[in-house]
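Worksheet: the structure to be examined is printed underneath.
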Amino acid sequence: MSDEFAQFQEAFFEEAAEHLAIVEEGLLALEQYPKDLELLAKIFRSAHSIKGASGMFGFNAVTQFTHKMETLLDLLRNGEKAVSPPIADLLLKSTDCLKALIEAVKSGGAVDDEVVQRLTAELASASGAQPPAVPQKQSVAVSPQSASQERSYLIKWTPPEWLFQRGLDPLQVLKELNGFGDLSSVTLDMSRVPDLAEIDPEKCYLSWELQLLTGKDQKTIESVFEFVHEDSTLSIEEIRSQESGVRSNAAYDSIPSITPHPSSLRPQEDGGPKPLGTILVESGVVSPAVLEQALSQQKRVGEILVEQKAVTPRQLEQALNTQRQQEAASHTKKTDTTSIRVDTAKIDKLINLVGELVITQSMLSDLGSRFEIKQLPVLLERVAQLERNTREIQERVMGIRMLPIGTAFSRFPRLVRDLSTKAGKKIQLVLSGEETELDKTVIESIGDPLTHLVRNSADHGLEPPEERLDNNKSEVGTIRLNAFHEGGSICITVEDDGRGLSRDKIIAKAIKQGLIGENEKLSDDQIWPLIFRPGFSTAEKVTDVSGRGVGMDVVKRNIEALGGTVSIKTVTGKGTTFTLKLPLTLAIIEGMTVRVGKETYIVPLLSILESIQPKAGTIKTVVGKGELINVRGTYLPMIRMYEVFILEPEYTNPMKSILLILETEGERVAVMVDEILGQQQVVIKSMEQNFRKVEGIAGATILGDGTVGFILDVRGLLEIARQGTPVSAVA
Amino acid sequence: MSKTALIVDDSPTMRQMVAFTLTNAGFTVVEAEHGKDAVNKAAAAGKMDIVVTDLNMPEMDGITLIKELRKLSAFKFTPILMLTTESALEKKQAGKEAGATGWLVKPFNPETLLKTIAKVLPA
């Protein structure tokens, strides 16, 4: 491998991941359309790309394994072999193995050699080929012995007539030869040049006779003609040797016949002696199998030392551990960085915008240097322009982090295929909205929760085929994954047409776990979220199908950690839909700035339902529940911000202040503030990273005047409101 | 004036590596993702000093690309190098017939690439 290329490894891993996804997707689609040659060509190309690029980095295990896959894919692509389920299966398994191999070179993980070898053998036998012999090493090393000896060669060369048409220039050849030593005589033979009238200026009618005095060997001289010698008449003859007097004549008329050189005259291609085993095998003394077996009996240095009692097995084990750790450490170091591939068009646009920004800036500084008050309108206009520039750049920069969600979806066809085989159900997966873009971090984090949900739908949501037929449903169950933008967020739905959640079972379970009271009257919207309670779905299945109960609480926690929400819609007998609502990006939110006393807070705009000025008599204090406010017939808990954050407010009387009605996860709360200042986008700075976690605060930001403003954590506020009040009583 | 090179490969990693090597060697580089892209970019550029192309690509493969380029008068005699993997060496013949100037077997290192280019590109 070249060190200069090492910097592109990260790019390779990224590209390889994409190709693996293409291969996997393609193979799955192939099961339905086994004759789709275009699809096969696409799969082949991806495997081929992985092979080509991995070779550049010296990832030999990857290259060799991909080569085996490629061989089989090539046969399929050329129609020499038909795609059968066992072959598709083998290729899918091989894809997994390839993934592991790549992961291993990337982060130093271990690969099960046995699996690799078994699959390699299976691939070879499926391709109907014997495993080929050890590939011959290519070497262009110049033999060191001959370098000092100057020899003289007579070279006769008649290039093919179409030389120019392939972009070849005979002058280049002469120049290169001249670079090897002294081109003492150049004779041009023009005898084949026709009359001017018949001449085709694009053809080469010339021949040369050259004498070259050089320290290079014949092979090196031949390499000059690499691209033409098969089609040329070429002879290279040594005319005298100054040292040994050995006259080697390797003249040949080319086209297919390449005369092998007497090996005794030629040094070993690698410039070193062959291994003893190779010589013995070549001379027929031992068979390769015997050699192989003898080599396998070779002991490692550690074992020998233990046998000689130079070290104890324990010492050896420790030393090996140290070695492994060092290996692992050296592997992990190089994979710390993450990168992202960006469409060049996006970057071009960004550069344009930066250009505009620079112009605006220079206009402003020009204005500033000789500012008079009558120019105020101009100043304001320029500042507005600056604001436009900044906002646009901000959007574009965020856009760079945006990737289509398809990358997160791409794992599901395989998952669903495996699940359906395992559960003996027929499941059809429908994906839509794959092109919807969202933040890279969000994409990376939703993979697991989505997998939980899809698994859940396949395991618990969808009924077995017989049951579906009994219920007049199609035998094939459908799981739909859809993504779309809604306002400033992205919605991802996981929908199945299965039996739906069972209200009775959830209630029974919740009563058993003490989550709700025996006789509590609950609406559907209050019942479904119960399955997100920790331990609810794992201990016992809500639906009584066998399979793995997955922790829905984990799903919910993960989504909420991303600032998102999960909601459920279900119709008994018809199916269930989980909707994940996520922010487009984690770094910037649209916020409402509010004032309490002298402090400014930012409330996430998405959570604000409305703002009201309470009327007299709408606020009641209930023992154990704190203050409640009646908003159009519904009592909501009321929080006085100044009490929570211990501030000196302008108003302590709710009638004079403003109440923001906030909602999170279907629960509402009224928050009392002094004044609403306005709406703006804010960049979130983490509290945990810069200070410590504060209840009720999601993060901080720098405001326009340079001061720090806190961003409210609506959920945290709700928790504060709940303190001392039973959970189920919040209504 | 620096020399210009058209690099054609559907693998961005390969493209980057070739581009990196050539840029360091003083070339001005134009990249194309596949044959069609390359034909368009070649036509738009009018003229290039050298073309380095992969063979197996979507839309239009390398062999077809070489044929197409040879049809353009500005590319009739331009050196075109094809990058092949060992298994695709049989493509050498097809490449030659299409008008490829030379070839380079993957994997290669920067020095080999530059050496091969020096072989076919007049200084």
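Protein sequences, first through last, are from chains X and L. For the first sequence, the residue numbers in my numbering are 1 to 731. For the second sequence, the residue numbers in my numbering are 1001 to 1123. Every residue gets a Cβ at the ideal spot worked out from N, C-alpha and C, and that includes glycine.
- In terms of Cβ geometry, Thr1101 (chain L) and Leu1055 (chain L) do not form a close pair [threshold 9 Å].
- As the crow flies, the alpha-carbon of Trp157 (chain X) is around 24 Å from that of Met1082 (chain L).
- The contact set of Phe409 (chain X) on chain L, defined by CB atoms closer than 8 Å, is empty, because the minimum CB distance reaches about 22 Å.
- Residue state for Asn60 (chain X) is assigned as helix, using DSSP reduced to three classes.
- Identification of chain L residues near Ser49 (chain X) by a Cβ-Cβ cut-off of 7 Å yields Asp1010, Ser1011, ordered along the chain.
- Out of X:Gln375, X:Pro201, X:Lys426, X:Gln689, the CA that lies nearest to the CA of Glu475 (chain X) is found in X:Lys426.
- Put simply, the CB of Met1017 (chain L) is near chain X, with a gap under 9 Å to one of its CB atoms.
- With respect to chain L, the C-beta atom of Thr576 (chain X) has no partner C-beta closer than 9 Å.
- If you draw a straight line from the Cα of Ala670 (chain X) to the Cα of Gln680 (chain X), it is about 21 Å long.
- A buried status is given to Asp497 (chain X), since no fewer than 16 other beta-carbon atoms sit within 10 Å of its beta-carbon.
- Of the other Cβ atoms in all chains shown, fewer than 16 fall within 10 Å of the Cβ of Val708 (chain X); this residue is therefore exposed.
- Looking at X:Asn653, X:Asn389, X:Lys509, X:Gln165, the one whose alpha-carbon comes closest to that of Lys1067 (chain L) is X:Gln165.
- With fewer than 16 other beta carbons inside 10 angstroms of its own, Lys656 (chain X) counts as exposed.
- Contact between Leu1022 (chain L) and Val1029 (chain L) holds: CB atoms are separated by about 5 Å, below the 8 Å threshold.
- Among the residues of the region 1075-1086 of chain L, those with a Cβ less than 7 Å away from any Cβ of chain X are Phe1077, Thr1078, Pro1079, Ile1080, Thr1085, in the order of the chain.
- Taking the CA atoms as reference points, Val285 (chain X) sits about 30 Å from Thr120 (chain X).
- The C-beta of Asn1040 (chain L) comes no closer than 9 Å to any C-beta of chain X.
- Distance from the CA of Ala700 (chain X) to the CA of Phe710 (chain X), rounded to the nearest whole angstrom, comes to 4 Å.
- Excluding its 5 nearest sequence neighbours in each direction, Thr71 (chain X) has C-beta neighbours in its own chain below 6 Å: Ser127, listed in chain order.
- Closest in C-alpha terms to Thr390 (chain X), from the list X:Val354, X:Phe65, X:His48, comes X:Val354.
- When C-beta atoms of the region 1006-1018 of chain L are compared with those of the region 1041-1052 of chain L, three or more pairs fall below 8 Å, so the two segments count as touching.
- Arg300 (chain X) has a beta carbon lying at 9 Å or more from every beta carbon in chain L.
- In the three-state reduction of the DSSP assignment, Asn1024 (chain L) falls in the helix class.
- For Glu4 (chain X), the secondary structure class from DSSP, reduced to helix, strand or coil, is helix.
- The bridge partners DSSP lists for Leu415 (chain X) come to none.
- Where Ser152 (chain X) is concerned, the enclosing beta strand (DSSP E) starts and stops at 151-158.
- For Ala670 (chain X), the secondary structure class from DSSP, reduced to helix, strand or coil, is strand.
- Taking the Cβ atoms as the reference, Leu712 (chain X) lies roughly 16 Å from Ile702 (chain X), outside the contact range of under 8 Å.
- Looking at the backbone, the Cα of Arg192 (chain X) and that of Lys1119 (chain L) are separated by about 26 Å.
- Taking the Cα of Phe227 (chain X) as reference, the smallest distance to any Cα among L:Asn1024, L:Ile1080, L:Glu1111, L:Pro1110 is reached at L:Ile1080.
- Scanning X:Ala6, X:Pro413, X:Leu462 for the CA closest to the CA of Glu31 (chain X) turns up X:Pro413.
- Taking C-alpha positions only, Leu280 (chain X) is separated from Met1060 (chain L) by approximately 49 Å.
- Remark: fewer than three beta-carbon pairs, one from each stretch, lie closer than 8 Å, so the region 5-20 of chain X and the region 77-86 of chain X are not flagged as touching.
- Looking at the backbone, the Cα of Thr618 (chain X) and that of Arg595 (chain X) are separated by about 23 Å.
- Under DSSP, Asp189 (chain X) takes part in a beta bridge, and its partners are X:Ser207.
- As the crow flies, the alpha-carbon of Pro160 (chain X) is around 50 Å from that of Ile351 (chain X).
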